[in-house]
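Taking mature numbering (1 follows the signal peptide of the UniProt record, and there is no 0), I'd label the letters of the sequence shown as residues -28 to -1, 1 to 303.
For each residue, glycine too, the CB sits at the ideal point set by N, CA and C.
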Amino acid sequence: MPLDRRLFALLGWAACAAFVLGAGAAAAQSAAYPVRPLTLVVPYPAGGVADQFARSFAQGLSERLGQPVVIDNRAGANGNIGSAYAARSQPADGYTLLLGSLSTLAINPQLYGSMGYEPQKDLQPITLTHQMPNVLLVGAQTPYRSVADVVAAARAQPGKLVFGSAGNGNTMHLAGVLFEKNSGTQLVHAPYKGGPPALTDVLGRQIPMMFNNLPAVTGHRQAGKVRVLAVADTKRSAVMPDVPTFAEAGVPGVVSVVWNGILVRRGTPADIVQRLHRESVAVLQQPAFRQPLEAQGYEVLNSTPDEFEALIRKDGTAMRALVKDAGLKVD
């Protein structure tokens, strides 16, 4: 055989061997997963309802996987900063998880020209984890004791009554938009950098009311610091059975239920995706995990990856129509 052909053959065999060895190493690494700590990115500030859920979940998942699961709060841009970080994490090996939400996966793509990631292209769903309705709450010092009181005040002085939210385009903001539309009122939106500072201003009498996730206000309601006037769901909450839905309070069509779930970077090996799904669902189904969270108003869920992906697509379409109808856009 001529020398050049022998060299070509040797190089070809070397390339094949490298590929086989590389594939074998990847398979071995996947089979041993996890061999080091994992990171769960929470794209919201510490102390909020998403962070509180994530910390409980991370503890349970750590026990199942035998490795620490470290929380990484990367807040900003309505969840886009942390979500983009997780979506771009290298390599796609299942060591960086993301707590995604209705906002970051279905609403933000309709609001932002560029987010630094594309949910359906860059992220692989693992499982839904929980959902929670938004509620309308007012400070205990306000004169409002019902949704009818708020509607009457807003109609008496259009464009004067202020409501707070966690930011422009957030689910709390969109709940307010739905309320205005279906009650025939005109309110003033005060966007904050997260739900906690907005709630602080309700408690401090800086603003009269806000829309917020139900678990964030359970303790404050029990302490008599706020009144919850209505739940933005099709049914009443088990932890606040005396609080009506908006439809029961006379304003139908105000439904704002926020879901969350776990995702990894797209391209993560299928067996790692399956392992994360199996262990995550096992955590979510444990009574010791569920009961304390459900007592606060979280509704703990689980799903297959395909079911989660279908929900992202469906709600993305629904949110596109809502955002367009409201004329919202965030640069």
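Separation of residue j from residue i, as counted between CA atoms
i: K153; j: V42; result: 42 angstroms
i: Q92; j: M182; result: 31 angstroms
i: T99; j: A124; result: 42 angstroms
i: V56; j: P115; result: Note on identity: in this sequence residue 56 is Ala, with Val being the wrong assignment. Going by the C-alpha atoms only, they are around 43 angstroms apart.
i: T217; j: V226; result: 9 angstroms
i: residue 361; j: K207; result: With the chain represented from -28 up to 303, any question about residue 361 goes unanswered, as that position is not in the structure.
i: V215; j: V200; result: 7 angstroms
i: L83; j: S75; result: 10 angstroms
i: N52; j: P168; result: 18 angstroms
i: V302; j: G85; result: 8 angstroms
i: S73; j: G19; result: 17 angstroms
i: G(-7); j: P6; result: Residue placement at G(-7) cannot be trusted, given a pLDDT of 49 that sits under 50; the coordinates are not used to answer.
i: A293; j: K286; result: 11 angstroms
i: A210; j: V272; result: 13 angstroms
i: A219; j: S2; result: 50 angstroms
i: M212; j: A4; result: 45 angstroms
i: Q258; j: A195; result: 29 angstroms
i: A221; j: Q24; result: 30 angstroms
i: R193; j: A170; result: 16 angstroms
CB contact flag (residue i, residue j, <9 angstroms)
i: S275; j: P105; result: no
i: N140; j: N50; result: yes
i: A204; j: L108; result: yes
i: residue 304; j: H161; result: There is simply no residue 304 to check, as the chain begins at -28 and stops at 303 in what is shown.
i: V13; j: A58; result: yes
i: R177; j: T68; result: no
i: L37; j: L146; result: no
i: P180; j: L235; result: no
i: A26; j: L71; result: yes
i: N45; j: P17; result: yes
i: N232; j: A22; result: yes
i: V230; j: T143; result: yes
Whole-number beta carbon distance between residue j and residue i, since they are thought to touch under 8 angstroms
i: T190; j: Q268; result: 5 angstroms
i: L261; j: V255; result: With the sequence shown as reference, residue 261 is identified as Phe, and Leu is not the correct amino acid for it. The Cβ separation is near 6 angstroms, so the contact holds.
i: L265; j: S28; result: 6 angstroms
Contact set for residue i: own chain, Cβ-Cβ below 8 angstroms, skip 5 residues either direction
i: V223; result: V119, V123, F151, N154, S155 and A202
i: residue 311; result: This structure gives no information on residue 311, because the portion of the chain shown stretches from -28 to 303.
i: V174; result: L109, V110, G111, G136, P180, M181, M182 and V198
Chain-order list of residues whose beta-carbon lies under 7 angstroms from that of residue i (same chain, five-residue window excluded)
i: L33; result: V41, E251, S252 and V255
i: G88; result: N52 and A56
i: P163; result: S137, G139, N140 and H145
Other residues of its chain near residue i: CB distance less than 6 angstroms, five sequence neighbours each side excluded
i: P97; result: L235, P277, F280 and E281
i: T240; result: A64, G66 and Q96
i: M291; result: A78, I79 and Q82
i: L283; result: none
i: T11; result: V42, D44 and T68
Closer than 9 angstroms to chain C by CB, residue i
i: G167; result: As a matter of chain content, chain C is missing from the structure shown, which is built from one protein chain.
Give the list of continuous beta strand (DSSP E) stretches no shorter than 3 residues that lie fully inside the segment 55 to 119.
68 to 73 and 95 to 111
What are the complete beta strand (DSSP E) segments, minimum 3 residues, inside the segment 240 to 279?
none
Which whole runs of the alpha helix (DSSP H) in the segment 171 to 213 are 4 residues long or more, in chain order?
186 to 194
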